[in-house]
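Protein chains: 2
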Amino acid sequence: MSFTAYILDVLTDSVYPARITIEDGIFKKIVPITITEETKIDFEGLMLPGFIDSHIHIESSMITPAQFAKIAVRHGTTSVVADPHEIANVMGIEGIEFMIENAKTVPFNFYFSAPSCVPATSFETSGAILNSAEIEYLLQKDEIVALGEMMNFPGVINGDEEVLRKLALSRKYKKPIDGHAPLLSGDDLDKYIGQYIVTDHECSSFQEAIEKKQKGMKIMVRDGSSAKNMEALFDFSQRIDHLKNQKSFGIIPTEVLSRRIHSPIFDFIVSDDKHPNDLIHGHLNKSVKKASDLGVDIIKAIEMVTINPASHYSLDAGSIVTGAKADFIIVDNLFDLNVMKTYIGGECVFDGENVLFDVEDVVCSDSMNVDLKNPEDFDVFYDGDECEVNVIKCFNGELLTKKNIATLKTKDGVVQPNIYEDILKISVVERYGGNSMANAFIKGFGLKKGAIASSVAHDSHNIIAVGYSSDMMARAVNTVIENGGGIAVVSEDFESSLALPIAGLMSNEDAFEVAKELDVLHRMASALGCKLDSPFMTMAFMALLVIPSIKISDKGLFDGDSFEFMDVIRN
Amino acid sequence: MSFTAYILDVLTDSVYPARITIEDGIFKKIVPITITEETKIDFEGLMLPGFIDSHIHIESSMITPAQFAKIAVRHGTTSVVADPHEIANVMGIEGIEFMIENAKTVPFNFYFSAPSCVPATSFETSGAILNSAEIEYLLQKDEIVALGEMMNFPGVINGDEEVLRKLALSRKYKKPIDGHAPLLSGDDLDKYIGQYIVTDHECSSFQEAIEKKQKGMKIMVRDGSSAKNMEALFDFSQRIDHLKNQKSFGIIPTEVLSRRIHSPIFDFIVSDDKHPNDLIHGHLNKSVKKASDLGVDIIKAIEMVTINPASHYSLDAGSIVTGAKADFIIVDNLFDLNVMKTYIGGECVFDGENVLFDVEDVVCSDSMNVDLKNPEDFDVFYDGDECEVNVIKCFNGELLTKKNIATLKTKDGVVQPNIYEDILKISVVERYGGNSMANAFIKGFGLKKGAIASSVAHDSHNIIAVGYSSDMMARAVNTVIENGGGIAVVSEDFESSLALPIAGLMSNEDAFEVAKELDVLHRMASALGCKLDSPFMTMAFMALLVIPSIKISDKGLFDGDSFEFMDVIRN
Numbered sequence: 007m008s009f010t011a012y013i014l015d016v017l018t019d020s021v022y023p024a025r026i027t028i029e030d031g032i033f034k035k036i037v038p039i040t041i042t043e044e045t046k047i048d049f050e051g052l053m054l055p056g057f058i059d060s061h062i063h064i065e066s067s068m069i070t071p072a073q074f075a076k077i078a079v080r081h082g083t084t085s086v087v088a089d090p091h092e093i094a095n096v097m098g099i100e101g102i103e104f105m106i107e108n109a110k111t112v113p114f115n116f117y118f119s120a121p122s123c124v125p126a127t128s129f130e131t132s133g134a135i136l137n138s139a140e141i142e143y144l145l146q147k148d149e150i151v152a153l154g155e156m157m158n159f160p161g162v163i164n165g166d167e168e169v170l171r172k173l174a175l176s177r178k179y180k181k182p183i184d185g186h187a188p189l190l191s192g193d194d195l196d197k198y199i200g201q202y203i204v205t206d207h208e209c210s211s212f213q214e215a216i217e218k219k220q221k222g223m224k225i226m227v228r229d230g231s232s233a234k235n236m237e238a239l240f241d242f243s244q245r246i247d248h249l250k251n252q253k254s255f256g257i258i259p260t261e262v263l264s265r266r267i268h269s270p271i272f273d274f275i276v277s278d279d280k281h282p283n284d285l286i287h288g289h290l291n292k293s294v295k296k297a298s299d300l301g302v303d304i305i306k307a308i309e310m311v312t313i314n315p316a317s318h319y320s321l322d323a324g325s326i327v328t329g330a331k332a333d334f335i336i337v338d339n340l341f342d343l344n345v346m347k348t349y350i351g352g353e354c355v356f357d358g359e360n361v362l363f364d365v366e367d368v369v370c371s372d373s374m375n376v377d378l379k380n381p382e383d384f385d386v387f388y389d390g391d392e393c394e395v396n397v398i399k400c401f402n403g404e405l406l407t408k409k410n411i412a413t414l415k416t417k418d419g420v421v422q423p424n425i426y427e428d429i430l431k432i433s434v435v436e437r438y439g440g441n442s443m444a445n446a447f448i449k450g451f452g453l454k455k456g457a458i459a460s461s462v463a464h465d466s467h468n469i470i471a472v473g474y475s476s477d478m479m480a481r482a483v484n485t486v487i488e489n490g491g492g493i494a495v496v497s498e499d500f501e502s503s504l505a506l507p508i509a510g511l512m513s514n515e516d517a518f519e520v521a522k523e524l525d526v527l528h529r530m531a532s533a534l535g536c537k538l539d540s541p542f543m544t545m546a547f548m549a550l551l552v553i554p555s556i557k558i559s560d561k562g563l564f565d566g567d568s569f570e571f572m573d574v575i576r577n
Numbered sequence: 007m008s009f010t011a012y013i014l015d016v017l018t019d020s021v022y023p024a025r026i027t028i029e030d031g032i033f034k035k036i037v038p039i040t041i042t043e044e045t046k047i048d049f050e051g052l053m054l055p056g057f058i059d060s061h062i063h064i065e066s067s068m069i070t071p072a073q074f075a076k077i078a079v080r081h082g083t084t085s086v087v088a089d090p091h092e093i094a095n096v097m098g099i100e101g102i103e104f105m106i107e108n109a110k111t112v113p114f115n116f117y118f119s120a121p122s123c124v125p126a127t128s129f130e131t132s133g134a135i136l137n138s139a140e141i142e143y144l145l146q147k148d149e150i151v152a153l154g155e156m157m158n159f160p161g162v163i164n165g166d167e168e169v170l171r172k173l174a175l176s177r178k179y180k181k182p183i184d185g186h187a188p189l190l191s192g193d194d195l196d197k198y199i200g201q202y203i204v205t206d207h208e209c210s211s212f213q214e215a216i217e218k219k220q221k222g223m224k225i226m227v228r229d230g231s232s233a234k235n236m237e238a239l240f241d242f243s244q245r246i247d248h249l250k251n252q253k254s255f256g257i258i259p260t261e262v263l264s265r266r267i268h269s270p271i272f273d274f275i276v277s278d279d280k281h282p283n284d285l286i287h288g289h290l291n292k293s294v295k296k297a298s299d300l301g302v303d304i305i306k307a308i309e310m311v312t313i314n315p316a317s318h319y320s321l322d323a324g325s326i327v328t329g330a331k332a333d334f335i336i337v338d339n340l341f342d343l344n345v346m347k348t349y350i351g352g353e354c355v356f357d358g359e360n361v362l363f364d365v366e367d368v369v370c371s372d373s374m375n376v377d378l379k380n381p382e383d384f385d386v387f388y389d390g391d392e393c394e395v396n397v398i399k400c401f402n403g404e405l406l407t408k409k410n411i412a413t414l415k416t417k418d419g420v421v422q423p424n425i426y427e428d429i430l431k432i433s434v435v436e437r438y439g440g441n442s443m444a445n446a447f448i449k450g451f452g453l454k455k456g457a458i459a460s461s462v463a464h465d466s467h468n469i470i471a472v473g474y475s476s477d478m479m480a481r482a483v484n485t486v487i488e489n490g491g492g493i494a495v496v497s498e499d500f501e502s503s504l505a506l507p508i509a510g511l512m513s514n515e516d517a518f519e520v521a522k523e524l525d526v527l528h529r530m531a532s533a534l535g536c537k538l539d540s541p542f543m544t545m546a547f548m549a550l551l552v553i554p555s556i557k558i559s560d561k562g563l564f565d566g567d568s569f570e571f572m573d574v575i576r577n
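Quick note, the sequences are listed as chains H and W, same order. Under the numbering used here, the first residue of the first sequence is numbered 7, with each subsequent residue one higher. Under the numbering used here, the first residue of the second sequence is numbered 7, with each subsequent residue one higher.
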C-alpha cells in the first residue's frame with residue numbers, strides 16, 4: 007500500500023506532505039515530497055497518529071473489549087491502556103485474562119494495567135483478591151504495561167507491606183505505576199510519589215494538578231462520563247496567574263512567559279470511563295477539540311493523546327514514523343477534527359461510514375453465584391412503632407454522600423420507607439456465594455414506586471437495589487440474577503432490563519444497542535419518579551466505600567469518615 | 007539543611023519561591039511559600055537543577071573523571087553520561103572500570119555508556135576488542151545506562167551479526183542505544199533507526215536533524231570543542247521556513263505556528279568533547295546561554311540539559327522534586343546564567359570561588375607497550391632519485407582530508423620531505439606490543455623544523471607524529487613513550503611535553519594546569535611554524551580512518567573512500 011498525504015508530525019510539531027508506503031502492517035517508508043501542480047494527494051485532509059486513551063476502564067462502557075474497539079475506531083482511537091479493575095473485582099485473574107483474550111479478537115491495540123487494589127476495601131465481599139503473587143504473575147505478561155491506579159494511598163503512606171510489595175514488583179519488571187490520589191497533597195503526596203507512583207488522573211483543580219506536576223507526576227487530564235476536569239485544568243486565567251504570580255515576571259523574561267501560555271503543562275488527556283450513551287457520540291476526538299476550544303494549542307492537545315502516552319508506556323504507537331505499526335487516522339482538518347478514516351496495522355478499520363471488522367459473541371462463566379431472593383430478605387426489622395435511622399443522602403451527579411437522620415414508622419415489625427420524604431430502601435446483595443446482604447435507607451432518588459437494581463456497583467460489583475417496596479426490590483434483584491447480571495427497572499406496570507452477562511458488567515451487544523437499552527431504562531426510571539440524571543451510575547457509587555461520608559456494602563451500612571460500619575437503626 | 011529560594015521548575019516551566027529541606031542528600035520537602043515583606047530569601051538568584059551533559063567523552067578533556075568533576079561543577083554541571091570509548095580502545099574493560107572507579111572518588115554523578123565500536127575498524131591495531139560478550143558484561147552494570155554511540159552504521163545497515171547482537175543485548179537489558187550517523191538519510195537511516203538506535207549527535211544541518219527527528223530520533227545538539235552545530239540546528243529562519251512551507255499554513259492555524267517558533271524541536275544539548283582549554287572557561291552553562299542568544303526559549307534550553315536527558319536515560323537528576331537527589335545550582339539570573347553555587351547530593355561542591363572537594367592522584371598501568379624508536383624507523387625508502395608519493399592534505403579545524411600527490415627527492419635511498427611545499431613526514435607508531443608502524447607524508451601543518459607527537463590519536467590512540475626530520479620524529483615519539491603517553495613538541499632549540507600517563511590519554515593534573523601546559527605546547531608548535539589552530543587535535547584525527555578521504559594507521563596509509571590501504575609511493 008502506497009499513498010500520498012499530509013502528515014501531522016507530532017515529533018516536530020509540523021505538517022508535511024509525504025509518500026507513505028505500508029508493508030506487513032508497518033510504515034515501511036515515509037518520504038517527504040515536494041508539492042507541484044501535478045501532485046495528487048490521495049487522502050484529503052490530514053493524516054494523524056491514531057489516538058491513545060491512556061487510562062480507561064472498558065467495563066464502564068458495558069461492552070466487551072471487542073465491542074469497545076468497534077465503536078472507538080469510529081472516533082479515531084486506535085489504542086487504549088485499559089485497567090480491568092472492575093472485572094478483576096468480580097473474577098480476578100480469570101476476568102483479566104478474559105479481557106486480554108477478547109481484546110485479541112479484533113484489530114485494535116489493547117494494552118492493560120494490572121489492577122493494584124482488588125478488593126478496594128476489606129469491608130465488602132468481592133469476587134477475588136489480587137495479592138502480590140497474582141500481581142507478579144500479571145506484570146510478567148507482555149500485554150500488561152503498567153501497575154494500575156494505586157487507589158490505596160493510605161496503604162502507601164503508612165507503608166502497608168503488601169502494597170509496598172506490589173509497588174516494588176512493578177519496579178522490578180520496569181513497568182510504570184499509575185496513581186489515583188484525589189486531593190492528596192503536601193507531605194502525604196511526597197510519600198506517595200516517593201514510591202515511584204508517576205501519574206495521576208484525579209486532579210480536579212488547577213492548583214492540585216500544579217502541585218502534583220511540580221512534584222514530578224505526569225498529569226492525566228480527565229474528560230470522561232463520570233468526571234470532567236478539563237475546564238479546571240485548562241483554565242488559562244489560572245495558567246496566566248500561575249506564570250505571573252510569585253514575582254516570576256521579574257525572573258523569567260516576559261516574552262518567554264507570553265509564549266508558553268497556550269502550551270499545556272499537563273501530559274495526557276484520558277477518559278477514565280465512557281458510558282455507552284456518551285461513547286457512541288465521541289471519544290478522544292471530542293476531548294481534543296474541547297481542549298482546543300479551551301485555548302490549548304491543538305497540536306499539543308493531539309500530542310496528549312498520541313506521542314505523550316506512547317512514550318510514557320513504551321507503546322508501539324503515537325507517531326507516524328518508519329518501522330512503527332501503521333496506525334493512523336484521517337481527519338478533515340485541525341479545526342473540526344472529524345474522523346474520516348481509521349487504519350490499524352495498515353488495514354482500514356473504519357471507512358467513514360462503516361466499521362470493517364466483525365465482533366463475535368463471547369461466553370463468560372456466570373458470575374451470579376447467588377440464590378433468588380424473597381421480598382422479606384429486604385426488610386429492616388424493628389420492635390416498636392417507629393425508629394430513628396441513619397440515611398444515605400445522595401446528590402445528582404456526585405459520588406459524595408451526606409449522613410442524614412430520619413424517623414420511620416414500622417408495620418408488623420418492619421421499618422417502612424417514607425415516599426413523601428423521599429426515603430427509600432437500599433440493599434446490597436452479595437453475589438459471590440456467601441449469601442450476605444445488607445439493607446438500609448437512602449434519600450435523593452425520588453422513586454415513587456417500583457425499584458431499580460444493578461450488578462454494576464463499584465468496586466466489588468455486588469447487586470445493589472433502590473426502591474420503595476421489598477416486593478419490587480426482590481423482583482428487580484431477581485431479574486438481574488436471572489439475566490446473569492445487568493440492570494433492571496421494575497414496577498407493578500412494566501419491567502425492563504439490560505442483561506450484562508459478562509461478569510455482570512458487560513453485554514455482548516454493540517455500543518449503539520446497549521446505549522439504546524440503557525436509554526429505555528433511564529426513561530423508565532424517570533417515569534417511576536426518579537429525579538437523578540444517571541440513577542444507575544449514582545446507585546453504582548453508593549457501594550464505593552472509599553468516597554465519604556456514608557455508603558453501603560453487602561456487609562452493612564458504612565461510615566466513610568471514620569472508616570467503620572455503622573448501625574442502620576439509631577435507637 | 008533548610009532554606010528558601012526561587013526554584014526554576016522545569017516540569018511546569020515556571021518559577022516559584024519555596025522552602026526547601028534537604029536530608030541525607032535528597033530533597034526531603036519542597037513547600038511553596040507566599041512572599042510577604044518579611045520573607046527572607048536565603049539564596050539570591052535562581053535555583054536550577056544541575057546540568058547534565060548527556061554525551062561526552064571525558065578523555066578528550068585530557069583529565070581524569072575526578073578532575074573533570076572538579077572543573078565541571080564550576081560551570082553548574084552535576085551529571086554526565088560519559089562514553090569511555092577512547093580508553094576502551096586502549097585498555098578495554100580494564101580502562102572502562104578504571105573510569106567507573108575513579109568517578110566514584112568524587113561527589114559528582116557519572117553515568118557511563120558501553121562503547122559499542124571498539125576497535126573502530128579492522129585496519130588498525132587497538133589495545134582491546136569489545137565483542138558482544140564484553141558488552142553484555144558491561145550492560146549488566148548499574149553504572150552503565152546506555153549502549154554508546156553506534157558508529158558502525160554500515161554494520162547496522164548490512165546486518166553484521168556481532169553488531170546486531172550488541173544492539174539486541176541493549177534491548178534485553180532495557181538500556182537505550184545511542185547513535186552516531188553523520189549524513190545518514192533515506193532508506194539507510196530507516197534501517198538504522200529500525201534497530202532501535204534512538205539518539206543522534208552528528209547532525210550538522212537543520213534538514214538533517216529534521217529528517218532524523220521526524221523519523222523518531224532524539225536529537226542531541228552539539229556544542230563541543232571539535233564540533234559546533236548550534237547555529238545550524240537553532241537557525242530560526244529555517245525553523246520558520248520549515249513551519250511555513252509545504253502549505254502547512256493552510257492546515258495549521260497561523261497563531262499556533264507563531265507560538266511554536268521559539269520552542270526548540272530538538273531534545274538535548276551536549277558537548278561530545280571539551281578540550282581543557284575550553285573547559286576551563288565554561289561547559290553547558292555557556293551552551294545554554296548561546297542557545298538563548300540564538301533565539302531559543304531559555305527555559306526550553308535549560309530543559310535540554312536537565313529534565314530531557316534525565317527522562318531519556320532514567321537518571322535520578324534533572325528536576326527539583328521531593329525524593330530526588332539534591333543536585334542543584336544557583337545562578338544569578340536567566341539572562342547571564344552565571345553559576346554562583348553548585349550542590350550535589352545536598353553538599354555544596356562549589357561556593358562561587360572554590361571547589362570544595364579534593365581529587366587524589368591515580369596510578370594506571372603503563373599503556374606504552376612499545377620500544378624506543380630509532381630515527382631510521384621513520385624513513386621512507388625508495389631506490390631512485392625521486393618518486394611520486396600520495397600525500398594527506400589536511401585543513402585547519404577539519405576532520406576531512408583530501409588526497410594530494412607530490413614528487414619528492416631521495417637522499418641515500420631515503421625519501422625527503424619538502425619544507426618549501428609544506429610536505430612533512432607523518433608516522434603512526436603502534437603502542438600495544440606489536441611493534442608495527444607506518445610512515446607517510448602530509449601537507450598542511452606548516453612546521454619548518456622539529457616535530458610533534460601524541461598518544462592521543464583517534465580511535466586506537468597509537469602514537470602519531472608529524473615533523474620534518476626522522477631525528478626529531480624519533481625524539482618526539484620517544485618523549486611520549488618515556489612520559490608514559492602524552493604530547494611532545496621537540497626541536498633542536500627546545501623541547502616540551504605534556505605527560506598523559508593514564509592510558510596515554512589523561513593527566514592527573516587539574517584542568518587549569520593541563521590547559522596551561524597545552525597552551526605552552528601550542529605556542530611552541532606555532533614557533534616551529536605550524537599554521538593550524540589546534541595542531542594536536544588535527545593530528546589526532548589523521549588516524550581516524552572512518553572519515554574520508556585519506557588517513558593513516560599503524561598498518562599503513564589508508565584510502566577512506568575505497569576503504570582499503572594505499573601505497574605511499576606511487577611509482
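All residues carry an ideal CB built from backbone N, CA and C; glycine is no exception.
Classification of E515/H by the beta-carbon crowding that lies within 10 angstroms, buried from 16 upward: buried
Whose CA, out of G419/H, L453/H, G535/H, K331/H, lies closest to the CA of I36/H? K331/H
Assuming D229/H and S293/H are in contact, meaning their beta carbons sit under 8 Å apart, how far apart are those beta carbons, in whole angstroms? 4 Å
Against H248/H, what residues of chain W qualify as contacts under a CB-to-CB distance less than 9 Å, listed in chain order? T18, S20, Y22
3-residue-minimum beta strand (DSSP E) runs that sit fully inside the segment 112-174 of chain H, ordered along the chain: 115-120, 150-156
Going by alpha carbons, who is nearest to E237/H out of S191/H, G301/H, K537/H? G301/H
Enumerate, from N- to C-terminal direction, the unbroken beta strand (DSSP E) stretches of 3 or more residues contained entirely within the segment 391-479 of chain W. 392-399, 408-417, 429-435, 443-449, 457-460, 469-473
Is the beta carbon of I28/W closer than 7 Å to that of M7/W? yes
Chain W contact residues for K35/H, given Cβ-Cβ distances below 8 Å: D193, D196
C-beta atoms of G420/W and V483/W nearer than 7 Å: Correcting the residue type first, residue 420/W is Val in the shown sequence and not Gly. No, they are not a contact pair.
Going by beta-carbon coordinates alone, are A446/H and V574/H separated by less than 7 Å? yes
Who are the neighbours of Q422/H on chain W, taking C-beta pairs under 9 Å? Within 9 Å Cβ-Cβ: nothing; Q422/H doesn't reach chain W, min ~54 Å.
DSSP three-state assignment for I326/H, whether helix, strand or coil: coil
How far does the alpha helix (DSSP H) with P282/H in it reach, from first residue to last? 282-285
Return the Cβ separation of S502/W and L527/W in integer angstroms, given the expectation that the two are a contact with Cβ distance under 8 Å. 6 Å
For a contact meaning CB atoms closer than 7 Å, what does K221/W contact in chain H? V327, T328
For I216/H, which residues in chain W fall below 7 Å Cβ to Cβ? T18
Give the straight-line distance between the Cα atoms of D525/H and I493/H, rounded to the nearest whole angstrom. 12 Å
From this set, N375/W, M97/W, F118/W, V162/W, which residue's C-alpha is nearest G490/W's C-alpha? N375/W
With a Cβ-Cβ cutoff of 7 Å, do N581/H and P71/H count as a contact? Residue 581/H falls outside the range modelled here, since chain H spans only 7 to 577, and no answer is possible.
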